[in-house]
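Engineer: Questions regarding the structure given below will be posed in turn.
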Amino acid sequence: MQYKILENNRIASKGYAMLSKDAKFTPFEFSRHAIGDNDILIKILYAGICHSDIHTARSEWGKATYPCVPGHEIAGEVIAVGKNVSKFKVGDYAGVGCMVNSCGECDACKRSQEQFCENGKTIFTYNSCDVFHGNENTYGGYSNNIVVSEKFAICVPKNAPMHKVAPLLCAGITTYSPLKFSKIKEGSSVAIAGFGGLGMMAVKYAVKMGAKVSVFARNENKKADALAMGVSSFYTSADKNAVKERFDLIISTIPTPYNPAIYLDLLKFGG
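What follows is the structure, encoded as structure tokens:
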């Protein structure tokens, strides 16, 4: 057996936690709730590091609950399944993002918008009060395993490079979601503001969807990279006022404070 069962069928886990906002990560042993009928147990193979993990663990986005085990870019192998699970079998690959459960009954949850759960029962992957399991604090992917409702895990093809899959569970979804929500398709006009990691991810998706893609960046240092990725137009911040194009969608990936209104007049009607 690839996991250890403790009292009350809880699952033994090991990870890395911060014990206070000024601490360093340290080895931490804990337990996860028992595998429910609709749950899967994942052996974590890779966990990405998102800067939000650092902000949260340092209590920079509100007071964290300690010990804090971050991590919401999780890729691994299913090693146990509950009796009602139909989406996975032992040996499958799975990924987990920033949520592990919700009420599943309100309009938001039924529309796959669980982050807006109208009953206030969105359970985040870490640093969240799990109302479905005795209000215990959730622990994330900086660990060796995780128990999660099958609904909140995605199926990953067996031939996928799992070290590349992990970041898709946050960085990938962050930029894919607005493209999907906006129904971007072949011929759509999309602009990406900012061309760092998220910006590059957004470009890859939009180009693959057949959109005409433009990039706004601070300077031309990455222009060659953008054009090589299929970008049609590359603009610097200084060019913005001279831009004649109008876009169906503008995705901002700029990580520093700025006034997003400067891009609003570049949107098409209804964009």
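Under my numbering, think of the first position of the sequence shown as 1, with each following residue one higher. The beta carbon of each residue, even a glycine, is placed where N, CA and C say it ideally should be.
Under 8 Å, with one C-beta from each stretch per pair, do the region 136-147 and the region 33-53 reach the 3-pair mark?
Structural biologist: A contact exists between the region 136-147 and the region 33-53.
Engineer: Does DSSP put GLY199 in a helix, a strand or coil?
Structural biologist: As a first step, residue 199 is located in the sequence shown; it is residue number 199 there, counting from the start. Looking at GLY199 - three-state DSSP - the assignment turns out to be helix.
Engineer: Of the choices GLU7, LYS24, SER112, whose alpha-carbon is the least far from that of ILE35?
Structural biologist: For this step, residue 35 is matched to residue 35 along the sequence shown. Minimum Cα distance to ILE35 is reached at GLU7.
Engineer: How close, in whole Å, do the beta carbons of ASN9 and ASN38 come, if the pair is a contact with beta carbons under 8 Å?
Structural biologist: Within the sequence shown, residue 9 is the residue found at index 9, counting from 1. Within the sequence shown, residue 38 is the residue found at index 38, counting from 1. Actually they are not in contact, since the Cβ atoms of ASN9 and ASN38 sit about 15 Å apart, beyond 8 Å.
Engineer: Spell out the partners DSSP gives ALA80 in its beta bridges.
Structural biologist: Position 80 of the sequence shown, counted from the start, is the residue given in the question as residue 80. Bridge partners of ALA80: LEU41.
Engineer: Please return the same chain residues whose Cβ sits closer than 7 Å to the Cβ of ILE173, not counting the five positions on each side in sequence.
Structural biologist: Position 173 of the sequence shown, counted from the first residue, corresponds to residue 173. Closer than 7 Å at Cβ, skipping near neighbours: GLY97.
Engineer: Please report the straight-line C-alpha distance between SER31 and VAL231, rounded to a whole angstrom.
Structural biologist: Within the sequence shown, residue 31 is the residue found at index 31, counting from 1. Within the sequence shown, residue 231 is the residue found at index 231, counting from 1. Each residue's alpha carbon lies about 47 Å from the other.
Engineer: State the start and end residues of the unbroken beta strand (DSSP E) segment that holds LEU6.
Structural biologist: Numbered from its first residue, the sequence shown carries residue 6 at position 6. Here LEU6 belongs to no beta strand (DSSP E), and DSSP marks it neither H nor E.
Engineer: Out of ASN127, SER214, ASP225, point me to the one whose CA is closest to ILE250's CA.
Structural biologist: As a position in the sequence shown, residue 250 is number 250, starting the count at 1. Selected option, being the one with the closest Cα: SER214.
Engineer: Measure the alpha-carbon distance for LYS164 versus PHE247 and round it to whole angstroms.
Structural biologist: Numbered from its first residue, the sequence shown carries residue 164 at position 164. Numbered from its first residue, the sequence shown carries residue 247 at position 247. When rounded, the distance between both Cα atoms is 30 Å.
Engineer: Rounded to a whole number of angstroms, what is the C-alpha to C-alpha distance between ILE146 and ASN219?
Structural biologist: Here residue 146 is taken as the residue at index 146 of the sequence shown, counted from 1. Here residue 219 is taken as the residue at index 219 of the sequence shown, counted from 1. Using only the alpha carbons, I get a separation of about 42 Å.
Engineer: I'd like the ranges of any alpha helix (DSSP H) spanning at least 4 consecutive residues and lying wholly in the region 72-128.
Structural biologist: You should have 107-110.
Engineer: Short of 7 Å in beta carbon distance, which residues of its chain neighbour SER149, apart from the five on each side in sequence? Order them along the chain.
Structural biologist: Looking up residue 149 in the sequence shown gives position 149. Only ASN38, ASP39, VAL100, ASN101 meet the Cβ criterion.
Engineer: Check GLY31 in the structure and name its three-state DSSP category.
Structural biologist: As a working mapping, residue 31 is identified with position 31 in the sequence shown. Here residue 31 is Ser; the residue named in the question, Gly, does not match the sequence. DSSP places SER31 in strand when its eight states are reduced to three.
Engineer: Out of TYR235, LYS212, MET209, LYS208, state which residue places its alpha-carbon closest to the alpha-carbon of ASN221.
Structural biologist: The residue you call residue 221 lines up with position 221 of the sequence shown. Selected option, being the one with the closest Cα: TYR235.
Engineer: Looking at the secondary structure, which residues open and close the alpha helix (DSSP H) in which TYR235 lies?
Structural biologist: The residue labelled residue 235 in the question sits at position 235 within the sequence shown. Note, TYR235: premise wrong, no alpha helix (DSSP H); beta strand (DSSP E) at 233-236.
Engineer: Restricting to Cα atoms, I'd like to know which of GLU245, PHE195, LYS212, ALA228 is closest to THR256.
Structural biologist: Translated into positions along the sequence shown, residue 256 becomes position 256. Minimum Cα distance to THR256 is reached at PHE195.
Engineer: With 16 other CB atoms within 10 Å as the buried threshold, where does CYS155 fall?
Structural biologist: As a first step, residue 155 must be located in the sequence shown, where it is residue number 155. CYS155 comes out exposed.
Engineer: Nearest chain D C-beta to CYS68 closer than 9 Å, yes or no?
Structural biologist: Annotation note: the requested chain D is absent from the structure, which comprises a single protein chain.
Engineer: How many angstroms separate the CA atom of PHE124 from the CA atom of LYS21?
Structural biologist: Along the sequence shown, one-based indexing puts residue 124 at 124. Along the sequence shown, one-based indexing puts residue 21 at 21. If I take the Cα positions, the gap works out to 19 Å.
Engineer: Quickly, what does DSSP pair ILE251 with across the bridge? List them, please.
Structural biologist: Along the sequence shown, read from residue 1 onward, the residue named residue 251 stands at position 251. Answer is ILE192.
Engineer: Can you list, in chain order, the residues of its chain whose CB lies under 6 Å from that of SER128, leaving out five sequence neighbours each side?
Structural biologist: As a working mapping, residue 128 is identified with position 128 in the sequence shown. Only THR138 meet the Cβ criterion.
Engineer: Among the candidates ALA202, GLU73, ALA17, SER252, whose CA atom is the shortest distance from the CA of MET162?
Structural biologist: Position 162 of the sequence shown holds residue 162. When each option's Cα is compared against that of MET162, the closest is GLU73.
Engineer: In whole angstroms, what is the alpha-carbon distance linking PRO67 and ALA17?
Structural biologist: Taking the first residue of the sequence shown as position 1, residue 67 is located at position 67. Taking the first residue of the sequence shown as position 1, residue 17 is located at position 17. Going from the Cα of PRO67 to the Cα of ALA17 covers about 6 Å.
Engineer: Sort out for me which residues DSSP pairs THR26 with in a bridge.
Structural biologist: The residue you call residue 26 lines up with position 26 of the sequence shown. Partner(s): ALA17.
Engineer: What span of residues does the alpha helix (DSSP H) with VAL165 cover, start to end?
Structural biologist: Reading the sequence shown from its first residue, position 165 is the one you call residue 165. From DSSP, the alpha helix (DSSP H) with VAL165 extends over 162-165.
Engineer: For the region 182-193 against the region 205-214, do three or more pairs of beta-carbon atoms, one drawn from each stretch, fall closer than 8 Å, so that the two count as touching?
Structural biologist: The region 182-193 vs the region 205-214: in contact.
Engineer: Over what stretch of residues does the beta strand (DSSP E) that includes ILE154 continue unbroken?
Structural biologist: Along the sequence shown, read from residue 1 onward, the residue named residue 154 stands at position 154. 153-156 is the span of the beta strand (DSSP E), which, as asked, contains ILE154.
Engineer: Going along the chain, which residues of its own chain have a beta-carbon closer than 8 Å to the beta-carbon of ILE254, five neighbours each way excluded?
Structural biologist: Within the sequence shown, numbered from 1, the residue matching residue 254 stands at position 254. Closer than 8 Å at the Cβ level, and outside the excluded window around ILE254, lie ALA193, GLY194.
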